[in-house]
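Heads up, the sequence shown is in my numbering, so the first residue is 2 and it goes up one at a time.
Note that the Cβ used here is the ideal one computed from N, Cα and C, for glycine as well.
Computed from a prediction, not measured in an experiment: that's the story for all the values here.
The next block holds one structure in the form of structure tokens; read it before the comments.
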Amino acid sequence: MDLAVEGAGADVAVVRCTGRLNMVSAPALREAVTGAISDGRPRVVVDLAGVDFMDSSGLGALVGCLKSARSAGGDLRIASPSAQVLMVLKLSNIDRILRPHDDAATAFDE
């Protein structure tokens with residue numbers, strides 16, 4: 002999986018993921034989110050538009066990242082999940098905690 006982290010405001014980071022979010026790549030996602038939080042961006046958007054597959058390890062990584070962000074006084078949002086990722090989120094009921102947003106740019110607009 003490829004990851005790119007970019008700033009999207011004073012305290013917001015966008016982590017763009019491409020590929021498979023699974024047992025092999027989940028630690029890299031956790032590291033990217035932890036790095037963004039450490040850099041003073043506790044509000045994180047994980048853009049899943051490029052993720053074509055996610056398993057339970059990927060799901061666990063997202064939940065762990067959410068806990069890290071909230072512990073730092075921020076939050077984690079997900080954006081643009083593919084059909085397969087959305088199915089995993091719905092089957093696990095995690096979509097109730099991590100509501101999918103249409104795109105990364107508007108994930109924190111409320």
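Would you list the one or two residues that DSSP bridges to residue i?
{"i": "residue 1", "result": "Nothing about residue 1 can be reported from this structure: the residues present for the chain run from 2 to 111 only."}
{"i": "residue 18", "result": "4"}
{"i": "residue 24", "result": "Looking at the DSSP assignment, residue 24 forms no beta bridge with any residue, so it has no partner."}
{"i": "residue 101", "result": "79"}
Please state the DSSP three-state secondary structure of residue i.
{"i": "residue 90", "result": "helix"}
{"i": "residue 96", "result": "helix"}
{"i": "residue 50", "result": "strand"}
For residue i, report the span of its alpha helix (DSSP H) as first-last.
{"i": "residue 39", "result": "27-39"}
Report the CB separation of residue i from residue j in whole angstroms; it is logged as a contact under 8 Å.
{"i": "residue 17", "j": "residue 2", "result": "Going by Cβ atoms, the distance from residue 17 to residue 2 rounds to 11 Å, so no, they are not a contact pair."}
{"i": "residue 108", "j": "residue 78", "result": "4 Å"}
Skipping 5 residues on each side, what residues in its chain have a beta carbon closer than 6 Å to that of residue i?
{"i": "residue 105", "result": "15, 46, 48, 80"}
{"i": "residue 25", "result": "none"}
{"i": "residue 27", "result": "58, 59, 62"}
{"i": "residue 7", "result": "15"}
{"i": "residue 19", "result": "3, 51"}
{"i": "residue 55", "result": "22, 86, 89"}
Can you find the residues in the same chain that come closer than 7 Å, C-beta to C-beta, to residue i, ignoring five residues on each side of it along the sequence?
{"i": "residue 73", "result": "38, 43"}
{"i": "residue 69", "result": "34, 35, 38"}
{"i": "residue 65", "result": "31"}
{"i": "residue 93", "result": "60"}
By Cβ distance below 8 Å, which residues in the same chain neighbour residue i in space, the five residues on each side in sequence not counted?
{"i": "residue 102", "result": "46, 78, 79, 80, 81, 108"}
{"i": "residue 75", "result": "12, 38, 42, 43, 44, 45"}
{"i": "residue 67", "result": "76, 77, 98, 99"}
{"i": "residue 40", "result": "14"}
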